[in-house]
Every structure is written in C-alpha cells, then in structure tokens.
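In my numbering, the protein residues as written are 11 to 284.
Since the structure comes first, as structure tokens, the remarks are kept for the end.
Structure representation (structure tokens):
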C-alpha cells in the first residue's frame, strides 16, 4: 500500500491536505477514507484538470480516496437553504403535535398521518443538515441521505390516502409497491451512493405521480384537488431545482415551493381526521 494517495490520472494535481479545504478550479473534491495508509483524516481538493478528453471519467477510486464532484452554492444561498427547510422541520413537528393532541383519530388514520408527518420532518431535517455541513466527506453522506429521504417522503405522502380510500383488496399491494420503490430509491442513494451529485429528478416525479393515477378514482374530490395542487407545486419547484446553479437563490425558491407543496398535502391529510 503506498504511503500517500495514488492517482491513476496524472492530470489531477493534489492541492492541499487541510481539514478545511479551499475551493479550487471546478471544485472536484477528494475525501480521504478513515484508516487509510496515509493515517490522515483530512479533506483534499483537486484542481481543475490540465487537460480533458472524453475517456477521462468524472471521478475515480484510488486505494485511499474517492473523488466526488460537487460545487457548493454561495454562503448566503446555503444559509437561506438551511433556514427555509430548518423552519419547515420545526413547523412540521409542532403542527403534528398539535393535531395529534387536539384531533382524535381512528388508529388507521392516525398511523397514516404519523407516517406522513415523520417522513416530512425527516426530509426537512436531512435537507437542512446537507446545507449546513461543509466537510466534503460528511457533505457527501448528508446529500445521500437528503436525496434518499425524498423517496420516503413520497411514499409517506401517499400512505394516508391509500389507507383511507383504497379498497381492501388493492390496499396492501399498493402500499407494498409504493414502499418497495421508495425503499429501493432510498438504499440506492444512501448505500449505493447512486448519482448523489447528479440527481435522477425524473425518478422522483415518476414515483410521485404514478400512484396518483391508481388512487385517484377512489378518493373524494376535495382530497384529490388538494393533493393535485401539492403535486403541481412540487413539479413547479423542480424547474427551479434544475437551474439552481445558474441563478442565485433558485435553490431557496425550490425549498419554499417544497414547503408550500408539503403544507398543501399536510392540510389534505389533516382533513381526513376532521
């Protein structure tokens, strides 16, 4: 085992071995694994490659390191991102406590409501952490959990409606299908680290809209319209998410639209207890 990280591609230059990396070039980052042969638990930044060709991969594994491409937004943007979803997490917890304390529900409705509330608070929490962490290794992990949590939120959003409206014959199978897909997406991000820095947005949209087509015929009109409005708010937010690297604070706008969409869905699910 070499005494320092070995890189197959000579065009990458090691710039630093510091606990707080400075951002260089295209901000390609290297995260040293704990317990590596170097004995160093620090973060390094790699400069922009001196040359590039189509055969050079965007990242690669070495004996001691994993190179991960990710460019953080400005400090002001990251602060706005953390505040928006941090506030959303607090609001979800407080609102859930109030609803449970003041509105008696049947066991089935209560379980569905708590599943949604827990998945919502969890996704807000993971999002907030991912915008607070600056250490590259921890940031990569936080982003994986953040993106994986979105799958759980989608499944959690549909659970109360399936419990309340789906027929007894299809209910368990629909819940199983939704949660299996969400679980696969979650583990692909958290365990498999699949495209953590190149989000498959279409998978979120597909999982978000497909169950609606199955469930729609059995729900009440009011519930359907509220859920549709929330889905449209999420879909509108994706437009800002996909362009957040081009326009400042677009990611914060995405966060605000997520809060709006989640609040609409929260009301729709809360209405089941009225």
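Glycine residues also receive a C-beta, built at the ideal position from the N, C-alpha and C atoms.
This structure is a prediction, so every number in the text was calculated from the model and none was measured.
Span separating the alpha-carbon of residue i from that of residue j
i           : j           : result
residue 107 : residue 128 : 11 Å
residue 221 : residue 88  : 33 Å
residue 110 : residue 212 : 34 Å
residue 22  : residue 255 : For residue 22, the predicted model reports a pLDDT of 35, less than 50, meaning its position is unreliable; a value from the coordinates is still stated below. If you take the alpha carbons of residue 22 and residue 255, they lie about 24 Å apart.
residue 194 : residue 86  : 34 Å
residue 269 : residue 95  : 8 Å
residue 123 : residue 166 : 9 Å
residue 102 : residue 225 : 25 Å
residue 267 : residue 126 : 18 Å
residue 98  : residue 178 : 34 Å
residue 113 : residue 280 : 9 Å
residue 277 : residue 83  : 32 Å
residue 176 : residue 130 : 22 Å
residue 182 : residue 275 : 22 Å
residue 132 : residue 115 : 23 Å
Below-8 Å beta-carbon distance, residue i vs any chain D residue
i          : result
residue 94 : Looking at the structure shown, chain D is missing, and only one protein chain is on hand.
Spatial neighbours of residue i in its chain, beta-carbon cut-off 8 Å, leaving aside the 5 residues before and after
i           : result
residue 119 : 170, 173, 174, 282, 283
residue 196 : 158, 159, 161, 162
residue 215 : 245, 248
Cβ shell of residue i (< 7 Å), same chain only, five flanking positions each side left out
i           : result
residue 294 : No answer is possible for residue 294: it lies beyond the span of the chain, which begins at 11 and ends at 284.
residue 265 : 91, 94, 95
residue 259 : 87, 90
**Message:** Under 8 Å, with one C-beta from each stretch per pair, do the region 226-237 and the region 249-264 reach the 3-pair mark?
**Reply:** no
**Item:** Unbroken stretches of the alpha helix (DSSP H), 4 residues or longer, contained in the region 171-253
**Value:** 181-200, 211-225, 231-251
**Item:** Minimum length 4: unbroken alpha helix (DSSP H) runs contained in the region 74-139
**Value:** 85-112
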